[in-house]
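Residue numbers (the numbering used here): 774 to 1048.
The C-beta atom is built at its ideal place from N, Cα and C for all residues, glycine as well.
A quick note: this is a predicted structure, and the numbers were derived from the prediction, not measured.
This report refers to the structure that appears directly beneath it.
Put into structure tokens, the structure is as follows:
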């Protein structure tokens, strides 16, 4: 396994790309409301990336081996969709929850992040699932420092999700990122402390837990991309892009509109220091 250690120039490029990726989510937030279609959200994000930011939507025509080219600029995963929901004619209605996953390219560097959105008033279940998933992401982020392992990240996420009565999706995971959209290492959202790759300063990867309200099993739709929960339970996901620093971590996908970290996030490497 070859994991790239980013140069100072790479890191600066990734800081810019990460902030721009987060700013797309800031921009689209007011439009995520009852009556809008997922296709309209895609159109707005695409135009903002290209015309305002001068960025490239990384998912558009992305085609890993075994897949057909992804047809849209963003992913819109609604309710029981775990990930890779393709924007289209679906009208968002009161009570829906949706994950918007945004990846931009700026000067060759990728900025990858996602957030959960509530359409109107969410159910108590949906709100709790989203909150626990957000906490899972940050508990994983807090494990990041030189000498820690990927297993430490996965364990922190798995423990918190399962303690809440939820399950962790295992077929999809976080990933290394830089000038390449998906590279080593794979960042599993479950695992055992002290196992897996040891973290080194200069690594950059995403932490993006996918947590299901029901069972963890998945089903793939006929479009070849959309992944849903097999039992049709709700699913939630949050994603940040993380740099391993000499002393801890830096969250690269922060912007003015980023939700604040949970109250338990304090100390060296915190989001306040990472802003």
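Beta-carbon gap between residue i and residue j smaller than 7 Å
i, j, result
"residue 1028", "residue 850", "no"
"residue 946", "residue 932", "no"
"residue 984", "residue 917", "no"
"residue 829", "residue 859", "no"
"residue 979", "residue 1000", "no"
"residue 961", "residue 913", "no"
"residue 972", "residue 791", "no"
"residue 844", "residue 836", "no"
"residue 875", "residue 897", "no"
Between the CA atoms of residue j and residue i - distance to the nearest angstrom
i, j, result
"residue 941", "residue 854", "14 Å"
"residue 814", "residue 895", "19 Å"
"residue 781", "residue 789", "13 Å"
"residue 909", "residue 1036", "13 Å"
"residue 1019", "residue 974", "5 Å"
"residue 955", "residue 887", "15 Å"
"residue 784", "residue 977", "8 Å"
"residue 776", "residue 907", "27 Å"
"residue 804", "residue 923", "36 Å"
"residue 867", "residue 852", "12 Å"
"residue 822", "residue 1022", "27 Å"
"residue 871", "residue 969", "32 Å"
Cβ distance (whole Å) where residue i is taken to contact residue j below 8 Å
i, j, result
"residue 809", "residue 919", "Rounded, the Cβ-Cβ distance is 44 Å, inconsistent with contact."
"residue 750", "residue 890", "What the structure shows of the chain is the stretch from 774 to 1048, and residue 750 is not part of that stretch, so it cannot be assessed."
"residue 1011", "residue 982", "7 Å"
"residue 811", "residue 863", "5 Å"
Residue i (DSSP reduced to helix, strand or coil)
i, result
"residue 882", "strand"
"residue 804", "helix"
"residue 1009", "strand"
"residue 1025", "coil"
Residues near residue i by beta carbon distance below 7 Å, same chain, minus five either side
i, result
"residue 793", "826, 828, 877, 879 and 884"
Own chain residues within Cβ distance below 6 Å of residue i, not counting five before or after
i, result
"residue 990", "1003"
"residue 964", "924, 927 and 928"
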